[in-house]
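Step one of this worksheet: look at the structure below.
Residue numbers (our numbering): 2 to 298.
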């Protein structure tokens with residue numbers, strides 16, 4: 002009980018009250034653009050960073066630490082009248098209770114972003130219409146908020162995922178990447194559909210259990226925390242088997258977490274646990290085997 006009260010105190014009082022939710026670092030790569038298009042997007046990085054960091058996404062004062070995130074944008078080409086195609090990497094992290102470490106929550110690469118951007122253009126938030134640039138950013142900011150909230154409260158991110166879904170519905174097939182056709186390694190619409198689908202409730206509950214009753218408990222109750230993490234990973238693996246289908250959410254989870262998982266279980270000092278990890282997440286068996294070999298050295 003003391004742990005939970007302490008954790009709640011941290012959440013509510015650790016940081017100063019802030020209206021904005023994000024501390025997001027934006028970087029832009031214009032290597033693939035001609036000089037004309039480069040000049041046109043000279044203020045693009047600043048515009049995106051200001052938009053993401055200055056807007057009040059939850060509509061209320063944010064009483065927690067700002068969410069650390071990164072948007073790395075690579076322009077793939079420019080054509081016609083200020084028309085661009087870009088790839089974006091979205092990453093976010095949250096602090097681990099009583100630790101100097103952060104836990105990565107989101108690590109997504111999306112190469113299907115097309116939009117028009119005029120020099121010195123202002124990015125405006127408008128939920129009543131779809132905008133190829135602003136709505137794309139909105140979708141991912143709400144997705145990051147949802148992922149973050151799900152780690153602190155069971156299914157706490159639902160309202161943010163619903164916001165992201167509304168954007169996807171507005172988009173329809175108006176722009177590339179907004180149709181749930183599947184294929185490839187990633188589809189943003191299928192991801193949000195999974196996260197809100199009833200069949201993925203066990204996944205979201207496991208994500209909460211992994212963070213709140215696992216990582217956040219390590220400093221005070223290590224053995225209990227490690228067992229809770231194993232239980233959460235087993236639940237995710239069982240769901241994948243039950244679904245008998247490819248899941249974007251589950252794949253992203255293990256692709257994001259496998260290094261953290263491998264490092265965390267060095268604390269258990271039990272080589273057999275890595276055999277279990279290999280069954281839960283066979284895609285990263287090489288890494289788990291490497292960490293297993295570190296035990297006792």
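The beta-carbon is built from N, C-alpha and C at its ideal position, and this holds for glycine as well. In this text the structure is predicted, and so the values were computed from the model without any measurement.
Output the distance between the C-alpha atoms of residue i and residue j, rounded to the nearest integer angstrom.
{"i": "residue 145", "j": "residue 72", "result": "11 Å"}
{"i": "residue 279", "j": "residue 286", "result": "5 Å"}
{"i": "residue 54", "j": "residue 25", "result": "6 Å"}
{"i": "residue 173", "j": "residue 33", "result": "29 Å"}
{"i": "residue 257", "j": "residue 176", "result": "27 Å"}
{"i": "residue 163", "j": "residue 139", "result": "12 Å"}
{"i": "residue 86", "j": "residue 270", "result": "48 Å"}
{"i": "residue 97", "j": "residue 196", "result": "23 Å"}
{"i": "residue 284", "j": "residue 207", "result": "19 Å"}
{"i": "residue 209", "j": "residue 156", "result": "8 Å"}
{"i": "residue 291", "j": "residue 194", "result": "35 Å"}
{"i": "residue 168", "j": "residue 246", "result": "26 Å"}
{"i": "residue 199", "j": "residue 241", "result": "14 Å"}
{"i": "residue 185", "j": "residue 161", "result": "25 Å"}
{"i": "residue 216", "j": "residue 28", "result": "30 Å"}
{"i": "residue 35", "j": "residue 225", "result": "56 Å"}
{"i": "residue 51", "j": "residue 182", "result": "33 Å"}
{"i": "residue 251", "j": "residue 62", "result": "32 Å"}
{"i": "residue 238", "j": "residue 249", "result": "13 Å"}
{"i": "residue 289", "j": "residue 266", "result": "10 Å"}
{"i": "residue 141", "j": "residue 234", "result": "25 Å"}
{"i": "residue 293", "j": "residue 236", "result": "22 Å"}
Within 10 angstroms of its Cβ, does residue i collect 16 or more other Cβ (buried), or is it exposed?
{"i": "residue 91", "result": "buried"}
{"i": "residue 135", "result": "buried"}
{"i": "residue 282", "result": "buried"}
{"i": "residue 37", "result": "exposed"}
{"i": "residue 295", "result": "exposed"}
{"i": "residue 81", "result": "exposed"}
{"i": "residue 101", "result": "exposed"}
{"i": "residue 117", "result": "exposed"}
{"i": "residue 95", "result": "buried"}
{"i": "residue 152", "result": "buried"}
{"i": "residue 57", "result": "exposed"}
{"i": "residue 6", "result": "Confidence in residue 6 is poor, its pLDDT being 46 and thus under 50, which makes the residue's placement unreliable; the coordinate value appears in the next sentence. Exposed, since its Cβ has fewer than 16 Cβ neighbours within 10 Å."}
{"i": "residue 170", "result": "exposed"}
{"i": "residue 129", "result": "exposed"}
{"i": "residue 154", "result": "exposed"}
{"i": "residue 127", "result": "exposed"}
{"i": "residue 79", "result": "buried"}
{"i": "residue 243", "result": "exposed"}
{"i": "residue 125", "result": "exposed"}
{"i": "residue 178", "result": "buried"}
Starting from residue i, trace the alpha helix (DSSP H) both ways and give me its first and last residue.
{"i": "residue 280", "result": "273 to 281"}
{"i": "residue 286", "result": "286 to 293"}
{"i": "residue 264", "result": "249 to 265"}
{"i": "residue 48", "result": "45 to 55"}
{"i": "residue 96", "result": "From DSSP, residue 96 is part of no alpha helix (DSSP H) but of the beta strand (DSSP E) over 84 to 96."}
{"i": "residue 193", "result": "189 to 197"}
{"i": "residue 206", "result": "202 to 213"}
{"i": "residue 40", "result": "36 to 41"}
For the beta strand (DSSP E) that contains residue i, what are its first and last residues?
{"i": "residue 100", "result": "Run containing residue 100: none; DSSP gives neither H nor E here."}
{"i": "residue 73", "result": "68 to 80"}
{"i": "residue 27", "result": "23 to 30"}
> Do the segment 227 to 234 and the segment 260 to 267 make contact, defined as three or more Cβ pairs closer than 8 Å?
Replying inline: yes
> Can at least three beta-carbon pairs, one atom from the segment 106 to 122 and one from the segment 43 to 54, be found at a separation below 8 Å?
Replying inline: By the Cβ criterion, the segment 106 to 122 is in contact with the segment 43 to 54, since at least three pairs of Cβ atoms, one from each stretch, lie closer than 8 Å.
> Considering only residues of the segment 145 to 174, which uninterrupted alpha helix (DSSP H) runs meet the minimum length of 4 residues and lie entirely inside it, listed in chain order?
Replying inline: Look at the segment 145 to 174 and you find these whole runs of alpha helix (DSSP H), each 4 residues long or longer: 159 to 172.
>> Taking 8 Å as the cut-off, does the segment 215 to 224 touch the segment 271 to 284 (at least 3 CB pairs, one atom from each stretch)?
In response: no
> Enumerated in chain order, which unbroken segments of the alpha helix (DSSP H) with a length of 4 residues or greater are wholly contained in the segment 218 to 242?
Replying inline: none
> Would you say the segment 99 to 113 touches the segment 181 to 199, given that touching needs at least three Cβ pairs under 8 Å?
Replying inline: Yes, the segment 99 to 113 touches the segment 181 to 199.
>> For the pair the segment 139 to 155 and the segment 62 to 70, tell me if three or more CB-CB distances fall below 8 Å.
In response: yes
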